[in-house]
Amino acid sequence: MDLFPLRLSLEVSLAATALTLGLGVPVAWALGRRAFPGHDLLAALVVTPLVLPPTVLGYYLLVLVGARGPVGRVLDAIGIEVAFTWKGAVLAACVGSIPLLIRAAQAGFEAVDPRLEAAARTLGRSEWSVFWSVTLPLAWRAVLAGAVLAFCRAFGDFGITLMVAGSIPGKTQTLPLAIYDHVQANQMPEANTLALLAAGLVVVLLLGLGRVVRLRY
Amino acid sequence: MTVLSVSLTKRLPDFTLDVTWDAADVVTGLFGPSGSGKTLTLDCLAGLARPDAGRIVLRDRVLFDAARGIDVPSRDRRLGYVFQGYALFPHLTASDNVAYGLRGRPRDERRRRVADVIGRLGLSGLEQRYPAQLSGGERQRVALGRALAPEPTLLLLDEPFSALDLPRRRALRDDLARVLRDWGTAAVVVTHDFTEAYRLADRIVVYEAGRVVQAAPRAELLWQPASEAVARIMGIPNVLHGTVVKATPDRIQLRWRDQILEAVNSPTRSYLPPPETPIAFFIRPEYVRLIRKDRGPADPGHHMNLMTGVVVADEDFGTTWLLRIRLDAPGPPAQGDHDLQVEVPHLVHEILEIERDRRWEFSIHRGSIHVLPA
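As you go down the protein sequences, you meet chains A and B in turn. Residue numbering for the first sequence follows the numbering used here, beginning at 1 and increasing consecutively. Residue numbering for the second sequence follows the numbering used here, beginning at 218 and increasing consecutively.
This is the structure:
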């Protein structure tokens, strides 16, 4: 049977998790450690993907990055096509999963004693250095936990991906979309295999996470 | 020589800090009750809090000057800060904690410096331990080492003993006093315990509610608190109120509990209130003398300020006893059920059989009655 959807899903969710970490960690740090105008608005905004219907989210994303959308036109001008490509699937997975990372990482950063960062500053370190040598090493478990949850959420995304990337077999059809198609076509054994693979992967990941975050110095 | 000159104002929603003081090349104690602004002052010195106005100068380097818009960031102030509870990095070993402030220096120098600090603070053998695996005293030394390793111009210590239990406090106080002397770094120590301030600091700045109420060498503070408020903050027992009978540059006569007491006036700051002025004074409990009954009657020429009274209560403090004494004078006692607290060594309590014999005659040398200027 065709395992392309599994491979695509793994690639897409890995790429989405990397993107989520890159965008989400700075946002989580700012929310957890800095006071700035619009702090509460940003905090509310980053959780909306959890509560909006995926199709609504997908619709807005499509409007944004579609060929005639404001962002889509800019990207088109530099030769990047997002809508209905694997890149669209990455974007969809990232938007759907980033709240999980931000919430977890923000809680992790907030739990770091501010006096430790103050101590690092009085010992001559810049803000950048304080983050890498104190804040992150003390909050990494929370960041990792958020990243694993975000990966699982990205791996399982259905609605947003369908709207932004479509369900083009061999091109943008991820594992959850493929399962849906198999069921529609009454190919139960194939649906069964893919569903088992997906469930198994997620359970293994979460078990591994549980072990890692219990490590102590 | 002045090492540090501080003048700052910082307004918080329900508290205003407004202090000015100098520190010489020695250990300066900031002493006062909790919430009087001592830690906030340290945070302003270290650049962790930003004053609204004022100026901080450390050895000719302006660290902060609101008028000129100067605010040197924490990382460039070169101050060693030992935080309350130490704030050691829990994910780094003792030696990595000590090395933390040495980044950017050559590897050789870094290694030499860490080894030197670890050796001098008696931390050898503990280099690879994490803070969670160290005792309270060891943590304090690692925190000191971390602050001292980059050779700061000034060391700041915030309640250095608050994380320790009582028996350890005394041993470590002497330890710290030795380290400070040994290192020769100017230091500012914050504490709410007068004994600690006295043991560690050469000069003491007394804080109350965000203001400085007195700044003086420790001995001067001990014997000449500037006011009744300072005496109360210091926790001095027997702060009493009388009225002036006569004041001269050498002596002050005062009336208290229906008797006349004679006190020495301050040789440096003579206080000359007119007769009948209310006056506050204190008597140190360990300076009240009990007159032995087996040596004949008291000699008024030798024993000054004689009075008689009854021990109404006594408390055992291990090495000393604290007696609460009610004088044979009409009217209500000065301090609730008693007039004076008197401290006697355990041995004296035993020999004089105070347990059984409650009525005594006392004398107080005029040099032991300290007048508090209004």
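Glycine included, C-beta positions come from ideal geometry on N, C-alpha and C.
*Alpha carbon of B/L225 to alpha carbon of B/V407, nearest angstrom*: 17 Å
*At 9 Å on the CB atoms, spell out the chain A contacts of B/P367, in chain order.*
L123, G124
*Between the CA atoms of B/R583 and B/P502 - distance to the nearest angstrom*: 14 Å
*Go to B/H458, then tell me how far its beta strand (DSSP E) extends in each direction, as first and last residue.*
456 to 464
*asked:* On a Cα-Cα basis, can you pick out the residue from B/Q350, B/G427, B/L439 that is closest to B/R420?
replied: B/L439
_I'd like the list of long-range same chain contacts for B/R472, defined as Cβ closer than 6 Å, with 5 residues on each side in sequence excluded._
G459, T460, V462
*Would you grab the beta carbon distance between B/L221 and B/D239 for me? Rounded to a whole angstrom, and I think it's under 8 Å.*
7 Å
_Between A/Y217 and chain B, is the shortest Cβ-Cβ distance under 7 Å, so that the two count as touching?_
Bear in mind that a pLDDT of 46 at A/Y217, under 50, signals an unreliable position, so the model cannot answer this.
*Tell me where the beta strand (DSSP E) around A/G170 begins and ends.*
Where A/G170 is concerned, there is no enclosing beta strand (DSSP E), given that its DSSP letter is neither H nor E.
*Determine the DSSP secondary structure at B/S580, reduced to helix, strand or coil.*
strand
_chain B within 7 Å of A/P137, Cβ atoms only_ = yes
*What runs of the beta strand (DSSP E), each 3 residues or longer, lie entirely inside the stretch 293 to 367 of chain B?*
296 to 299
*In three-state DSSP terms, what is A/Q106?*
helix
*Straight-line Cα distance separating B/A497 from B/H519*: 25 Å
*Any chain B beta carbon closer than 7 Å to A/L35*: Sequence inspection shows Ala at residue 35 of chain A; the Leu mentioned does not correspond to that position. Chain B contact via Cβ: absent.
*Would you kindly report the start and end of the unbroken beta strand (DSSP E) that includes B/F232?*
232 to 241
*Note down, in chain order, all residues in the stretch 92 to 121 of chain A with a beta-carbon under 8 Å from any beta-carbon belonging to chain D.*
Absent here is chain D; the protein component of the structure consists of chains A and B.
*When we look at the beta-carbon of A/H182 and count the other beta-carbons within 10 Å, is it buried (16 or more) or exposed?*
buried
*In angstroms, rounded to a whole number, what distance separates the CA positions of B/M521 and B/L351?*
55 Å
*Quick one: give me the first and last residue of the alpha helix (DSSP H) that A/Y60 is part of.*
54 to 65
*Is B/F378 helix, strand or coil when you go by DSSP?*
coil
*Taking Cβ positions only, does B/G362 come closer than 7 Å to chain A?*
no
*Find out if the Cβ-Cβ distance for the pair B/S580, B/R506 is shorter than 7 Å.*
yes
*If we count the other Cβ atoms within 10 Å of its Cβ and call it buried at 16 or more, is A/V212 buried or exposed?*
exposed
*Skipping 5 residues on each side, what residues in its chain have a beta carbon closer than 8 Å to that of A/L201?*
F155
*asked:* If we define contact as Cβ-Cβ less than 7 Å, is B/G318 a contact residue for chain A?
replied: yes
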